[in-house]
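Remarks on the structure that follows.
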Amino acid sequence: MKILYFAWMRQRIGLSSETVELPADVATVDGLIDWLIGRGEGYGAAFEKRDVIRAAVNQDYVPFDHPVADGDEIAFFPPVTGG
Amino acid sequence: MIRVQEDDFDIGVEIAALTAEKTTIGGVATFTGLVRDMAPVDGADQPVSAMTLEHYPGMTEKKLGEIEAEANRRWPLDASLIIHRYGRLEPGDQIVLVACASAHRQAAFDACQFLMDWLKTDAPFWKLEDTDAGGVWVETRATDDAAAARWKRESEPGE
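Protein chains in written order, with our numbering: chain A, 5 to 87; chain B, 3 to 161.
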């Protein structure tokens, strides 16, 4: 699975993208966040405000109870500020 | 039409291309977003020396395409265009262009506002402003959410 991070989430984690093997017990975006937070301090800081950040699966916005599967492109980012 | 690019654009050239040989068009409404030289940081305005726009290649084009398609479903447009820049920009630089052409002005004005309002809340761009206090990520404004919410219907783009 490919995971992408943008803006201050990218800075806090120190990566713009990574490829991970999805653990068998991770079924949703929420579960993925819980697992990522366990990987290190940067992740904890990036996912600190879970009610603020947004998630996309295969380039569509999704709620955090959305399922995730190996082969998905998942992205995490702060609220968007274009225009 | 959607374009996501680092380069600047020329509004006159873009409008001429958009309306070329389409004589059913009665009017073109456009909005151009520019980089401001001041931004609120912790409640106080700070000078901004530059801005870097980051985006999500792929999803950006997808979301802008969906927003544009929705505008064309809602209003009788003869042509529409969204150009959004990314990369490093300085105060006064152009960031975004939205143009909508229609037989009559109301559809063109309304579609133009709709595109800008939805683009602000849906297109995956993030602004990092260079200020005296260092790099500051721009935060969303409640007024932007409210502006997008007034267009809400059962079928929303991007959700």
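We treat Cβ as the ideally placed atom computed from N, Cα and C, and that holds for glycine. Keep in mind the model is a prediction, meaning the values are calculated, not measured.
Quiz item: Leu26/A to Arg90/B, Cα distance in whole Å?
Solution: Within the first sequence, the letter at position 22 stands for residue 26/A. Within the second sequence, the letter at position 88 stands for residue 90/B. When rounded, the distance between both Cα atoms is 35 Å.
Quiz item: Opposite Leu83/B in the DSSP bridges: which residues?
Solution: Reading the second sequence from its first residue, position 81 is the one you call residue 83/B. Note: Leu83/B sits in a beta bridge opposite Ala101/B.
Quiz item: Do the region 4-18 of chain B and the region 27-41 of chain B meet, that is, are 3 or more Cβ pairs less than 8 Å apart?
Solution: yes
Quiz item: Roughly how many angstroms lie between the CA atoms of Asp146/B and Val84/A, to the nearest whole one?
Solution: Within the second sequence, residue 146/B is the residue found at index 144, counting from 1. Within the first sequence, residue 84/A is the residue found at index 80, counting from 1. For Asp146/B and Val84/A, the distance between alpha carbons rounds to 11 Å.
Quiz prompt | Limits of the unbroken alpha helix (DSSP H) element including Met118/B | solution = Locating residue 118/B in the second sequence gives position 116, counting from the first residue. Segment Arg107 to Asp124, the alpha helix (DSSP H) holding Met118/B.
Quiz prompt | CA nearest to the CA of Ser104/B, picked from Trp128/B, Arg38/B, Val37/B and Pro78/B | solution = Here residue 104/B is taken as the residue at index 102 of the second sequence, counted from 1. Nearest C-alpha to Ser104/B: Pro78/B.
Practice problem: Could you tell me whether any Cβ in chain B is nearer than 8 Å to the Cβ of Phe80/A? | Solution: Counted from its first residue, the first sequence places residue 80/A at position 76. No, because no Cβ of chain B sits closer than 8 Å to the Cβ of Phe80/A.
Quiz item: Apart from the five residues just before and just after Asp39/B, which ones in its own chain have a Cβ nearer than 7 Å to its Cβ?
Solution: One-based indexing of the second sequence puts residue 39/B at position 37. If we look at Asp39/B and ignore the five residues flanking it on each side, its Cβ neighbours are Pro49, Val50 and Pro93.
Self-check item: Given Leu36/B as reference, the closest of Val100/B, Glu70/B and Arg5/B once Cα atoms are compared
Solution: Here residue 36/B refers to the residue found at position 34 of the second sequence. When only C-alpha atoms are compared, the closest one is Val100/B.
Self-check item: Same chain, Cβ closer than 7 Å to Trp12/A, neighbours up to 5 away in sequence not counted
Solution: For the purposes of this step, residue 12/A is identified with residue 8 of the first sequence, where counting begins at 1. Answer for Trp12/A: Pro82, listed in chain order.
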